[in-house]
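Enquirer:
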C-alpha cells in the first residue's frame, strides 16, 4: 500500500487497522500537532464503530476533514510509528480519512461539552485570523464556555487551505464540511476586518489570540 494513496477501501480497512500495536505510550500521538489519540480511533475503526472513531478525532482536531486529506503524516505520526521497526508504518492518514469520510458527524459537529472549563466560562476572547489555528482555537474556547469573536481580514474562512492549496489536492467539499460545522457554533465571525494593532482589542476582551498565519511569501 502506497503512503500517498488517497483512499482505503473497507476490505483493506480492518487489515490495516489491525497492524496498529496500540502502544502503551504511543509516539504517534505525541508527534501529532493536534495530539489526536491515534490508537484509540484506530481501535474504534477495528471494532466497526466508524462514528466513534470520527468523534474521537473530531474532539482533538476540528479541522478533521481537511487534515484527513492534506496532513503530512509521513513527517509526524507515521514517521515515529513503532511499526517502522518491524516493516512499515501504519497508514494513519488513510485510516483517519476513512473515519472522516464515513463518520456520521461530517459537516455537523465540531464541539462537545467535554472541554468545559469554569475558569474560562463567560470570558470574552478575540481571535485574529480565521485559518486552521484560529478556528481550532475558537472551537476549543467555545467548548470551554468562553465567548469567542474571530476577526478575519479577508472574506473567506480557512486561511492557507482555502487560499493556497489547490482543489486537486484538497477537495473544497472537505474544507467546506469543517467550516460548516465550525460556523454552526455560536462563534461571532467578523469578516473583512483587518486588525492593525491587536492591543486595541484588550480594552474589550479578556484575552487575544493571534493566528495571522503566513499571508505573504518570503523573498529570496
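Residue numbers (our numbering): 1248 to 1467.
Cβ atoms here follow ideal geometry from the backbone N, Cα and C, with glycine treated the same way.
Enumerate in chain order the residues of its own chain whose CB-to-CB distance from residue 1404 is below 6 Å, with the five nearest sequence positions on each side excluded.
Expert: 1377, 1426
Enquirer: Hey, residue 1362 and residue 1391: beta-carbon distance below 7 Å or not?
Expert: yes
Enquirer: Which residue marks the beginning of the beta strand (DSSP E) containing residue 1417, and which one marks its end?
Expert: Here residue 1417 belongs to no beta strand (DSSP E), and DSSP marks it neither H nor E.
Enquirer: Could you check what DSSP says for residue 1271 in three-state terms: helix, strand or coil?
Expert: Note: residue 1271 maps to coil in three-state DSSP.
Enquirer: Residue 1215: which of 1408, 1394, 1385, 1441 sits nearest, CA to CA?
Expert: For the chain, the structure presents residues 1248 to 1467; residue 1215 sits outside this window and is missing.
Enquirer: On the CB-based measure, 16 or more other CB atoms within 10 Å of its CB, does residue 1262 come out buried or exposed?
Expert: exposed
Enquirer: Return the Cβ separation of residue 1458 and residue 1381 in integer angstroms, given the expectation that the two are a contact with Cβ distance under 8 Å.
Expert: Right, their Cβ atoms sit about 4 Å apart.
Enquirer: At which residues does the beta strand (DSSP E) containing residue 1372 begin and terminate?
Expert: Residues 1371–1375.
Enquirer: Where does residue 1323 fall in DSSP's three states?
Expert: coil
Enquirer: Excluding sequence positions up to five away, which residues of its chain have a Cβ less than 8 Å from the Cβ of residue 1383?
Expert: For residue 1383, where only same-chain residues beyond five positions count, the Cβ hits under 8 Å are 1281, 1308, 1309, 1310.
Enquirer: Grouping DSSP H, G and I as helix and E and B as strand, with all else coil, what is residue 1437?
Expert: strand
Enquirer: Here's the rule: buried if 16 or more other CB atoms are within 10 angstroms of the residue's CB, otherwise exposed. What is residue 1325?
Expert: buried
Enquirer: Three-state secondary structure (DSSP) at residue 1346?
Expert: helix
Enquirer: If you check the beta carbons only, do residue 1453 and residue 1371 fall under 7 Å apart?
Expert: Against a cut-off of 7 Å, the Cβ pair of residue 1371 and residue 1453 comes out as a contact.
Enquirer: In the DSSP assignment, find the unbroken beta strand (DSSP E) run with residue 1457 in it and report its ends.
Expert: 1454–1457
Enquirer: Taking the CB atoms as reference points, tell me whether residue 1406 and residue 1443 lie closer together than 7 Å.
Expert: no
Enquirer: Since I believe residue 1318 is in contact with residue 1335 (beta carbons under 8 Å), could you give me their beta-carbon distance rounded to a whole number of angstroms?
Expert: Not really, about 18 Å apart at Cβ, beyond 8 Å.
Enquirer: Indicate the three-state DSSP secondary structure (helix, strand or coil) for residue 1446 in the structure shown.
Expert: helix
Enquirer: Look at residue 1286 and residue 1274 and say whether their C-beta atoms are less than 7 Å apart.
Expert: Against a cut-off of 7 Å, the Cβ pair of residue 1274 and residue 1286 comes out as no contact.
Enquirer: Quick check on this structure: which residue in 1436, 1422, 1342, 1299 has the alpha carbon closest to the alpha carbon of residue 1255?
Expert: When each option's Cα is compared against that of residue 1255, the closest is 1342.
Enquirer: Run through DSSP, which three-state label would residue 1397 get?
Expert: Of the three classes helix, strand and coil, the one that applies to residue 1397 here is strand, per DSSP.
Enquirer: Below 8 Å on the Cβ atoms is my contact criterion, and I expect residue 1408 with residue 1313 to pass it. Report the Cβ-Cβ distance as a whole number of Å.
Expert: 5 Å
Enquirer: Quick check: the Cα distance between residue 1268 and residue 1328, rounded to an integer number of angstroms?
Expert: 9 Å
Enquirer: How far does the alpha helix (DSSP H) with residue 1256 in it extend, from its first residue to its last?
Expert: Where residue 1256 is concerned, there is no enclosing alpha helix (DSSP H), given that its DSSP letter is neither H nor E.
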